[in-house]
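Colleague: Quick one: the structure is below, and I'll ask about it shortly.
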Amino acid sequence: MSGRTNGRACTNCHQRKIRCDLLEKGTPCTNCSAHRRPGCRVYERKKSRNVPAREPVPIRPRAHSSSPQTASTGRPAVVPGASDTDDNETGNLVDLIDREDLRTAEIDHRGRQCFIGTEISNFNYLVRQSSLHPGHDSVFHFGNRQFHPKYTSHDLQHVPPDALQRVDEETERKLLRAYFDHVNRGWPIVDEEWFMLQYRAKDPGSALSLPLLNAVLVVGAHILAPKESRLKYLQSLFFRRAKTLVDRRFDQDRTVYVQVALLLTWYSDGLEEVVANGWHWVGVATRAALGCGMHRDITQSKMLPVSKRTWTRLWWVLFQFDTIISASYGRPQALTLEESDVPELDLCHFEGIPRAEIDFVIHHSRLCAIVSQAMRARWTLRGTTESRIQATRDADEALARFTLQLPPGLQLSSPMPGNTWQSTLHLTYNNFLILLHRPAPKHSDRDQVSEACSDLSICGGAAMAISSIFESLFHGGTLSTLWLYGVHALFTAMIHVGNDLGSPNPLVSAKAQQMFGSLAAALRELAGQWRFALGLLRLFEQRASRMKSELSTVPSPADETQQISPENGRNDNAEFSLRPAPADPSIPPSGQLREYGWGGNGNDHDRISAEPSSPSSYINGGHRFDGIRPSGEQYFSMGTDDMFLQDFSFPDASALEFFLADMDGTNQGFPSLA
């Protein structure tokens, strides 16, 4: 016996829930005919089954873990229940292709958007083919219905109760304020006004994201930890909670995962720098952003205005992070502007960010665009020598135009002591100048590109600017507001200045000592927050301790001079040096520069400064640097360990292993630095 027909619609129109004229027109109906859909036949209602009534069953108490609640809000976590209809869930595909009414609807905060990809994508092809609105061809982001969490999350029933807890409200508000005052203004990852609206529960239809809240608190704790030591523990706690919720895919809004990943770059959870920490989290954010289509223009999409602004800002912050962290580690960039049509940042994109550092965000984005293009052209593996040299010249011209177009508030000629954003822009600029123009390492193969492009006058000026910036931030107590890239800029400057410590020109050497001491004090301060800085600090301090031990066993000043003076070459134990090998006394002064591998047409005075500073002491925060001892011996002091600069090398295998562990992720098990 056949089932009873409903007498109103065909199977296709019934599935799409649209009006059907099958009874009036016959098969195929108007809709199936217009879209050339096969299978136009009368829909048959499924035969209902008579389910016998069951005896009432007492309601059992719910297990504690089945509906955990947050400590302060009491909001239950979304926990999927059992269902017998798993096989009937069609996912995004059917709705995306066949439900144009759903595709063209506004994507609200509870909606789920889908990026259909470029023209090469099959999804793109099918959507364009089934669309009744050709004007939507420039739209790549469409709405889709939400899923039950069981289809998108992972094992929510067993989320650790601790991951859903909240700290006391006073601490929470203090950390949020620190984040929005010191970080979000220049790295606008979160829409502050919308976030605080959710935080105060003013919009019942849009709940606060717990992973995002914990990630914001991670950064807030990072900022305030130097002044309040207990926040170091809380930072680890917030990181653990945020990561747990991300791993469980707690949120359905994929934008949250981009934001959380970017914010977690402020936390160092060990020596691993490939599958954890900054490099890893930027990669996670990049993959999620590309999957959502953040690299495409969303102007014509049906997203809410606040979402459009957030996406545009997020894309440019992500591009900056990807560019500068790739430059720091010498690794390939994941993002390229040639594959993006996101509009440049403008004033309208900063609505919702009170006290936004608009000039910084816009100009630092432009600077990173120059850096990104120069990196791809200068250090390409398949480029010719001529093309790589030309890329350096093009980068110089672009950087020169960039500096001339800076607004007065961002120019170093108008210094604002302790200003994080002016400092960050010039750290990026000067760090890249050194990377572009420093000579090749002493013992490397002959590099024609480095020989043609090296310029010590440019590197010396850039190193001096970096030193001044860190000294200003150190005295202003704002070093904690820097992102991870600040440590890498400091490292670049210390390497360059270290090459000048043993200069035969006493003026250059004295100036280099003062700069090195200033940079070392900043490094010690940063070591309390960044594991990478701690590795660098241990590298320098272990060498200082070893040098002090060796010098204490020297029987006489004459023997000391014989052992470490430039005229007698390097210490036999040295395996690695931050400066070139000492000059041969038989080489004339003009030849010494070439022998050192300086290249270019600069001279000793160009490296640092033509005028020396007076012998002075740098004392701040318990870290002392004296340019010249009363006896006339030049030395460097970091804490309590002295390091004579006539042989600035690093024979300590343990120090090098610790440093390399931070670069390749190999944990050598070193204890924390006291």
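Start counting the sequence shown at 1; every next residue gets the next number (the UniProt record's numbering).
Where a beta carbon is used, it is the ideal one built from N, C-alpha and C, also for glycine.
1. Quick check on the DSSP output: what are the complete alpha helix (DSSP H) runs of length 4 or more inside the segment 168-206, in order along the chain?
2. By the 10 Å Cβ neighbour count, where 16 or more other Cβ atoms means buried, how is Gln129 classified, buried or exposed?
3. Could you tell me the alpha carbon to alpha carbon distance between Asp247 and Phe147, rounded to whole angstroms?
4. Going by beta carbon distance, what residues of the same chain come within less than 8 Å of Gln333, once the five residues before and after it are set aside?
5. Can you say whether Cys13 is buried or exposed, counting buried as having 16 or more other CB atoms within 10 angstroms of its CB?
6. Answer yes or no: do Lys232 and Ala242 have a C-beta to C-beta separation smaller than 9 Å?
7. Thinking C-alpha only, which one of Ile358, Ala289, His182 and Arg254 is nearest Val219?
8. Quick one: measure Cβ to Cβ for Leu473 and Ala493, integer angstroms, because I've assumed they're closer than 8 Å.
9. Indicate the three-state DSSP secondary structure (helix, strand or coil) for Lys17 in the structure shown.
10. Output the boundary residues of the alpha helix (DSSP H) element that contains Cys29.
11. Can you tell me whether Cys368 is helix, strand or coil according to DSSP?
12. For Tyr43, does the three-state DSSP call read helix, strand or coil?
13. Just curious, the alpha helix (DSSP H) that Phe321 is in, first and last residue?
14. Give the DSSP-derived three-state secondary structure of Asn505 in the structure shown.
15. Tell whether a beta-carbon distance below 9 Å holds between Leu262 and Leu314.
16. For His141, which residues does DSSP report across the bridge?
17. Could you say which of Asp191, Glu272 and Val275 lies nearest to residue 677 if we only look at CA atoms?
18. Between the alpha carbons of Leu102 and Thr428, how many angstroms are there, rounded?
19. Could you check whether the segment 388-405 touches the segment 345-356, counting it as contact only if at least three pairs of C-beta atoms, one from each stretch, sit closer than 8 Å?
20. Less than 9 Å separating the beta-carbons of Arg16 and Arg99?
21. For the putative contact between Thr265 and Gly278, defined by C-beta atoms under 8 Å, what is the C-beta separation to the nearest angstrom?
22. Less than 9 Å between the C-beta atoms of Val487 and Phe532, yes or no?
23. First and last residue of the alpha helix (DSSP H) that includes Pro211?
24. The alpha helix (DSSP H) spanning Arg166 covers which residue range?
25. Between the C-alpha atoms of Pro630 and Ala522, what's the straight-line distance to the nearest angstrom?
26. Are the segment 460-473 and the segment 415-434 in contact at 8 Å, needing three or more beta carbon pairs?
27. In whole angstroms, what separates the C-alpha of Ser457 from that of Arg378?
Modeller: This is what the structure holds:
1. 169-182 and 192-199
2. exposed
3. 18 Å
4. Asp322, Thr323, Ser326, Ser372, Met375 and Arg376
5. buried
6. no
7. His182
8. Actually they do not touch by this definition, with Cβ atoms about 13 Å apart.
9. coil
10. Neither: Cys29 is in no alpha helix (DSSP H) and is coded neither H nor E.
11. helix
12. strand
13. Pro305 to Tyr329
14. coil
15. yes
16. Phe115
17. This structure cannot speak to residue 677, because the chain is shown only from 1 to 674.
18. 45 Å
19. no
20. yes
21. 4 Å
22. yes
23. Leu210 to Leu224
24. Segment: none, Arg166 is in no alpha helix (DSSP H) and carries neither H nor E.
25. Bear in mind that the predicted position of Pro630 carries a pLDDT of just 32, short of 50, making it unreliable; the figure below should be weighed with that in mind. Each residue's alpha carbon lies about 25 Å from the other.
26. yes
27. 20 Å
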